[in-house]
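Enquirer:
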Amino acid sequence: MRIVACLVALLAMASPVRAQQGPPHAFLFGAWTGGLFPAAPQMTAAVCLAHPTVIFTQDILLRATLTEFTYLQRQVETVRGNGANGVDFRFLPPTGKLGGSGLLGPVAPPAVGFGCESPDVLHVERRGDNEIAFPGCAEFPNPLVRCPAR
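Using our numbering, you'd call the opening residue of the sequence shown number 136 and step up by one each time.
(1) Pull up the DSSP beta-bridge partners for Pro170, would you.
(2) Between Ile190 and Gln210, is the Cβ-Cβ spacing less than 8 Å?
(3) Just the Cα atoms here: how many angstroms apart are Gln156 and Asp223?
(4) List the endpoints of the continuous alpha helix (DSSP H) containing Val87.
(5) Taking the beta carbon of His186 as the centre, do at least 16 other beta carbons fall within 10 Å, making it buried, or is it exposed?
(6) Beta-carbon within less than 8 Å of Glu260's beta-carbon, same chain only, minus the 5 sequence neighbours each way: which residues are those?
In structure tokens form, the structure reads like this:
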């Protein structure tokens with residue numbers, strides 16, 4: 136029985152198909168600019184990182200808007216590869232208070248999305264190592280580019 140288990144383990148290691156390293160959206164981690172507007176060509180890291188449009192982390196997505204001083208935050212519920220060149224996000228509903236209360240208790244803040252079919256989803260299309268797009272999301276009509284490291 137041990138010999139069979141060892142052979143299965145050796146065959147699995149020799150297989151050309153490797154398990155994916157990290158979450159399906161790991162290629163997005165970091166700061167991106169554009170989307171709301173066309174990204175400036177040959178942008179420096181200092182200019183880009185001064186106010187990126189979207190910041191991806193493993194569990195949180197931050198986005199800038201034209202009307203707020205602070206980033207709006209969405210907590211990731213699930214991320215899955217869409218079989219093509221991208222991923223699909225589903226976000227948790229927003230929590231917290233708006234400062235007042237409704238008839239039946241605290242009022243949750245409205246869900247802020249990306250102009251997609253629902254505020255709780257985001258589709259990301261990978262167009263290259265440093266360019267992505269949010270297809271079908273009206274608030275982000277332009278591609279986004281990764282902020283350079285230097």
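Quick reminder that beta carbons are idealized off the backbone N, C-alpha and C, glycines included.
Expert: The short version:
(1) Counted from its first residue, the sequence shown places residue 170 at position 35. For clarity, residue 170 is Gly in the given sequence; the question names Pro instead. BP columns for Gly170 are empty, so no partner.
(2) Position 55 of the sequence shown, counted from the start, is the residue given in the question as residue 190. Position 75 of the sequence shown, counted from the start, is the residue given in the question as residue 210. Contact: no.
(3) Along the sequence shown, one-based indexing puts residue 156 at 21. Along the sequence shown, one-based indexing puts residue 223 at 88. The alpha-carbon atoms of Gln156 and Asp223 are separated by roughly 18 Å.
(4) Residue 87 is absent from the structure shown; the chain starts at 136 and stops at 285.
(5) Here residue 186 is taken as the residue at index 51 of the sequence shown, counted from 1. Looking at its Cβ environment, which holds fewer than 16 other Cβ atoms inside 10 Å, His186 is exposed.
(6) By 1-based counting over the sequence shown, the position of residue 260 is 125. So the qualifying residues of the chain are Ala219, Asn220, Gly221, Ile267, Ala268, Phe269 and Pro270.
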